[in-house]
Structure formats: structure tokens, C-alpha cells
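Asks: Below is one structure. I have some questions about it.
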Amino acid sequence: MADPRLRVIDRRLSTIDHIIAVCSGKGGVGKSVVASTLSLLLARRGLEVGLLDLDFTCPATHLILGVGDATPEEERGIVPPSFHGVEYMSLIY
Ligand SMILES: Nc1ncnc2c1ncn2[C@@H]1O[C@H](COP(=O)(O)OP(=O)(O)OP(=O)(O)O)[C@@H](O)[C@H]1O
Ligand SMILES: [Mg+2]
């Protein structure tokens with residue numbers, strides 16, 4: 184039987200218009216700075232923005248954005264904390 188969570192993921196992703204991947208094959212080139220800045224600028228333009236930091240080795244956007252002690256809550260799934268209009272999720276959680 185198919186994993187029911189896959190359908191939930193599909194449904195939630197269906198409301199997202201654009202996904203911008205910030206990635207590189209090299210370390211230390213500015214991915215975290217670009218991803219953080221881009222999300223803040225897009226949110227300031229009035230767009231609904233989420234930032235998902237999928238850096239497995241050294242996630243840093245929580246430091247750049249000053250996330251502090253805020254943690255996600257759970258309510259029929261995960262509710263990410265929001266900073267400066269950016270809904271934030273990271274592997275640090
Ligand atoms: N446009 C830029 N001009 C000058 N310095 C920058 C620029 N973008 C990032 N830096 C600096 O380069 C360093 C690495 O940036 P950042 O941490 O964003 O890179 P990264 O690709 O996320 O690194 P990692 O691979 O370790 O995750 C930081 O010290 C940052 O301040
Ligand atoms: Mg980084």
C-alpha cells in the first residue's frame with residue numbers, strides 16, 4: 184500500500200507556485216547568504232515565502248536570520264516558525 188504521507192506532501196506542494204533551489208557543488212561560495220537574503224527580499228515584496236535549509240553538513244541560515252530559540256510547532260503536521268515574513272524550516276530541527 185502506498186505511504187499516505189506522500190499524498191499529503193503532493194497536496195501541500197500543489198499550493199506552491201515556485202521553488203528556487205540555491206545550491207552549488209562547492210562549499211563556502213555564499214549559498215546560505217544568498218538563500219537568506221533572497222527569501223527576505225521576496226517576502227518584503229509581499230510574496231508568501233518559505234525557506235527550507237537542507238544543508239546536511241553545516242546549516243547556517245538560522246544564524247544569518249537570527250532564528251534563536253524558536254522551534255516548529257505541531258498541528259496536523261509541522262508548523263514552521265516565521266521570521267520577517269519568511270516561514271522557516273531547517274535540518275537543525
Ligand atoms: N556576495 C558575497 N560577497 C562577499 N562575501 C560573501 C558573499 N556571499 C557570501 N560571502 C561570505 O562568504 C562566506 C561563505 O558564505 P556562505 O556561508 O553563505 O556560503 P555557503 O555556500 O553557504 O557555505 P557552506 O558550503 O559552508 O554552507 C561567508 O563568510 C560570507 O559572509
Ligand atoms: Mg551554507
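Residue numbers (the working numbering): 184 to 276. For each residue, glycine too, the CB sits at the ideal point set by N, CA and C. Since the model is a prediction, treat every value here as computed from it, not as a measurement.
Taking only the alpha-carbon atoms, compute the straight-line gap between Y276 and P255 and give it to the nearest angstrom.
Replies: Within the sequence shown, residue 276 is the residue found at index 93, counting from 1. Within the sequence shown, residue 255 is the residue found at index 72, counting from 1. Distance between the alpha carbons of Y276 and P255: 8 Å.
Asks: Based on the DSSP secondary-structure assignment, which residues constitute the bridge partners of F239?
Replies: Locating residue 239 in the sequence shown gives position 56, counting from the first residue. DSSP lists no partner for F239.
Asks: Just reading off the beta strand (DSSP E) that S273 is part of, what are its end residues?
Replies: Locating residue 273 in the sequence shown gives position 90, counting from the first residue. Per DSSP, S273 belongs to the beta strand (DSSP E) from V269 to S273.
Asks: In terms of residue numbering, what span does the alpha helix (DSSP H) encompassing I247 cover?
Replies: Looking up residue 247 in the sequence shown gives position 64. Unbroken alpha helix (DSSP H) run through I247: T244 to L248.
Asks: Return the CA-CA distance between D238 and M184, expressed in angstroms with no decimal places.
Replies: For this step, residue 238 is matched to residue 55 along the sequence shown. For this step, residue 184 is matched to residue 1 along the sequence shown. Those two C-alpha atoms are separated by around 31 Å.
Asks: Would you say the beta carbon of D238 is closer than 7 Å to some non-hydrogen atom of ligand 1?
Replies: Here residue 238 refers to the residue found at position 55 of the sequence shown. D238 Cβ: within cutoff of ligand 1.
Asks: Taking the straight line between their C-alpha atoms, what separation do you get for P242 and S273?
Replies: As a position in the sequence shown, residue 242 is number 59, starting the count at 1. As a position in the sequence shown, residue 273 is number 90, starting the count at 1. Their Cα atoms are separated by approximately 7 Å.
Asks: Looking at the secondary structure, which residues open and close the alpha helix (DSSP H) in which P187 lies?
Replies: Taking the sequence shown and counting its residues from 1, one reaches residue 187 at position 4. P187 to L196 is the extent of the alpha helix (DSSP H) around P187.
Asks: Flag A253 as yes when its Cβ comes closer than 7 Å to any non-hydrogen atom of ligand 4, and as no otherwise.
Replies: Ligands present in the displayed structure are limited to ligand 1 and ligand 2, and ligand 4 is not among them.
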